[in-house]
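In full-length UniProt numbering, the protein residues as written are 1 to 109. Cβ atoms here follow ideal geometry from the backbone N, Cα and C, with glycine treated the same way. Let me begin by presenting the structure, written as structure tokens, before commenting on it.
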Amino acid sequence: DNVKDRFDGASRVSVSNRPSENLPPRPAASPHSPSINSLLAGGRSHGPRRNRYNFQLKPCNQDHKTPGPRDLVYLDASPNFCDKNPRLGIHGTQGRQCNDTSPGVEGCV
């Protein structure tokens, strides 16, 4: 039985190799049900999410805002783009002087 349920958030699409008259009846679901309308539902309703890594990230610069739950946070420092690093595919700075401490266009980070 190759039945796959796919959700796009607003509607429900069922794909099957069987004719539709052979499908068993499904219980009616409320259109306002979070398990139907949310991609985040995913079968998880165990309460608040636990911190499984047991550490708290600390900002490098206190002037930056605290990252939110949808922000991407890098745990490793950016590589130095001034110097050639073939392992990372970095060609290094060519044709100008590199100032690796500058956040401007003359910098390499």
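D83: CB within 7 Å of a non-hydrogen atom of the ligand SAH: In the structure on display, the ligand SAH does not appear, and there are no ligands present to speak of.
Rounded straight-line distance, which links the Cα of G89 to that of T66: Taking the sequence shown and counting its residues from 1, the one referred to as residue 66 is at position 66. Taking the sequence shown and counting its residues from 1, the one referred to as residue 89 is at position 89. Cα-Cα distance, rounded: 31 Å.
Separation of C60 from D76, as counted between CA atoms: Indexing the sequence shown from 1 puts residue 76 at position 76. Indexing the sequence shown from 1 puts residue 60 at position 60. Taking C-alpha positions only, D76 is separated from C60 by approximately 12 Å.
Three-state secondary structure (DSSP) of N85: Position 85 of the sequence shown holds residue 85. The three-state secondary structure of N85, taken from DSSP, is strand.
Contact check, G92 vs K84, beta carbons under 8 Å: Counted from its first residue, the sequence shown places residue 92 at position 92. Counted from its first residue, the sequence shown places residue 84 at position 84. Contact: yes.
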